[in-house]
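In UniProt numbering, the protein residues as written are 1 to 337.
What follows is the structure, given as structure tokens:
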């Protein structure tokens with residue numbers, strides 16, 4: 001796929017202003033529509049992707065997904081799809097306020113009010129998508145665009161799945177850092193798969209770090225399958241208990257224990273207060289079990305070594321307190337018995 005230069009005309013209509021980015025399927029350019037004089041984003045699909053059966057189906061899925069979701073205010077709008085020679089052009093709304101990833105990199109963990117604002121809008125976008133039979137499958141901060149006024153726009157349905165499709169697209173495609181266990185295990189994606197990925201994002205923006213990280217994609221995937229997350233309040237004690245409960249329910253290993261719809265997530269999220277008196281959530285599944293898979297035995301040394309500093313301090317304090325009580329009990333027995 002060739003790179004276009006500033007000033008070049010695509011489809012005799014869209015004049016390139018600048019290149020915005022390039023991915024495995026396409027390059028994205030900022031352009032001006034010669035007919036309407038409006039600024040748009042043009043996604044140029046690589047010819048080799050469209051020609052390949054799997055790539056073509058992924059391309060067709062994106063067209064259909066955007067067409068169905070076009071009126072949702074929290075999804076990047078699709079204006080047109082054009083074939084130009086051997087290339088396909090997707091003409092999209094230009095969103096010029098950066099991404100949620102950019103905001104995270106700049107400001108770190110979000111405030112509670114910011115979390116409610118951004119994530120309630122993402123829940124609205126996902127609720128509409130799921131009601132239309134669309135599963136995004138690549139929810140991550142890079143795919144959440146922001147307008148200059150701060151409006152949220154969910155983008156990149158390039159690997160989304162429509163109900164009724166059963167092809168190579170069903171294989172594990174996505175970003176390991178946010179990928180749900182069932183997708184890693186090559187199982188069929190569901191709306192709960194998107195909820196899991198959104199939950200990983202919510203964890204990251206609440207604490208400042210993602211629950212499962214590593215240098216290799218394989219190791220990160222293994223953690224999604226086999227490691228329970230450190231509870232968010234052990235990392236950031238300022239997080240309300242009710243928010244921690246929401247996060248933990250969203251990132252349960254088994255889809256059946258997660259929220260069953262994005263609207264349920266939004267409902268509970270909007271109820272969160274900075275000070276609340278609720279019980280701690282009971283996390284169900286510590287390990288995502290596949291055929292022939294066995295849960296690893298719990299090891300205190302391994303567990304302790306992986307705790308963040310604040311959690312280690314609490315763990316050490318609790319352990320010391322238990323030891324102290326044991327010593328006192330032993331002395332009492334020696335003196336009075």
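C-beta atoms are modelled at their ideal positions from N, C-alpha and C, and glycine is treated no differently.
| Item | Value |
| --- | --- |
| Whole-angstrom distance between residue 179 and residue 234, CA atom to CA atom | 23 Å |
| Same chain, Cβ closer than 6 Å to residue 90, five either side skipped, listed in chain order | 43, 81 |
| Contact between the region 214–234 and the region 93–103 (3+ Cβ pairs under 8 Å) | no |
| Whole-angstrom distance between residue 239 and residue 225, CA atom to CA atom | 25 Å |
| With 16 other Cβ atoms within 10 Å as the buried cut-off, status of residue 376 | Limits of the chain in this structure are 1 at one end and 337 at the other, which puts residue 376 out of reach. |
| Spatial distance of residue 338 from residue 201 (CA atoms) | Outside the shown range of the chain (1 to 337) lies residue 338, about which nothing can therefore be said. |
| Segment contact, 8 Å Cβ cut-off, at least three pairs: the region 209–220 with the region 266–278 | no |
| Close beta carbons around residue 148, own chain, < 7 Å, minus the five adjacent residues each side | 96, 97 |
| Inter-stretch contact (C-beta, 8 Å, three-pair minimum) for the region 112–122 and the region 26–45 | no |
| Close Cβ partners of residue 127 (< 7 Å) along its chain, the five nearest in sequence each way excluded | 261, 262, 263 |
| Three-state secondary structure assigned by DSSP to residue 278 | coil |
| As assigned by DSSP and simplified to three states, the class of residue 170 | Low per-residue confidence applies at residue 170: pLDDT is 43, beneath 50, and the placement is therefore not dependable, though the value from the model is reported in the following sentence. It is helical. |
| Straight-line gap, residue 29 to residue 3 (C-alpha atoms, nearest Å) | 10 Å |
| Proximity of residue 46 and residue 26 at Cβ, strictly below 8 Å | yes |
| Beta-carbon spacing of residue 205, residue 104 below 8 Å | yes |
| Buried or exposed by the 16-neighbour rule on C-beta atoms within 10 Å, applied to residue 251 | buried |
| Within 8 Å, strictly: CB atoms of residue 134 and residue 68 | yes |
| Same chain, Cβ closer than 6 Å to residue 400, neighbours up to 5 away in sequence not counted | Missing from the structure shown is residue 400; the chain here goes from 1 to 337 and no further. |
| CA-to-CA distance, residue 39 to residue 18, given in whole angstroms | 11 Å |
| CA-to-CA distance, residue 129 to residue 74, given in whole angstroms | 11 Å |
| Endpoints, alpha helix (DSSP H) assigned at residue 198 | 191–207 |
| Straight-line Cα distance separating residue 208 from residue 14 | 40 Å |
| Whether residue 259 touches residue 195 by CB criterion (8 Å) | yes |
| Minimum C-alpha distance to residue 237 - residue among 228, 151, 274, 253 | 274 |
| Neighbourhood of residue 245 by C-beta, 6 Å cutoff - its chain only, sequence neighbours within 5 removed | 281 |
| Nearest to residue 123 (by Cα), restricted to the options 177, 197, 229, 20 | 197 |
| DSSP state of residue 27 mapped onto helix, strand, coil | strand |
| Of the residues 132, 6, 140, the one placed nearest residue 119, counting alpha carbons only | 140 |
| Supposed contact pair residue 243 and residue 272 - C-beta distance, whole angstroms, cut 8 Å | 5 Å |
| Cβ distance (whole Å) where residue 121 is taken to contact residue 181 below 8 Å | With a Cβ gap of about 26 Å, residue 121 and residue 181 do not count as contacting. |
| Residue from 199, 83, 131, 190 whose Cα sits closest to the Cα of residue 11 | 83 |
| Bridge partners - residue 153, DSSP secondary structure assignment | 145 |
| Span of the beta strand (DSSP E) around residue 182 | Where residue 182 is concerned, there is no enclosing beta strand (DSSP E), although the alpha helix (DSSP H) it sits in stretches over 181–184. |
| Residue environment, residue 203, which counts as buried when at least 16 other CB atoms sit within 10 Å | buried |
| Contact set for residue 255: own chain, Cβ-Cβ below 8 Å, skip 5 residues either direction | 180, 182, 190, 192, 193, 196 |
| As assigned by DSSP and simplified to three states, the class of residue 22 | strand |
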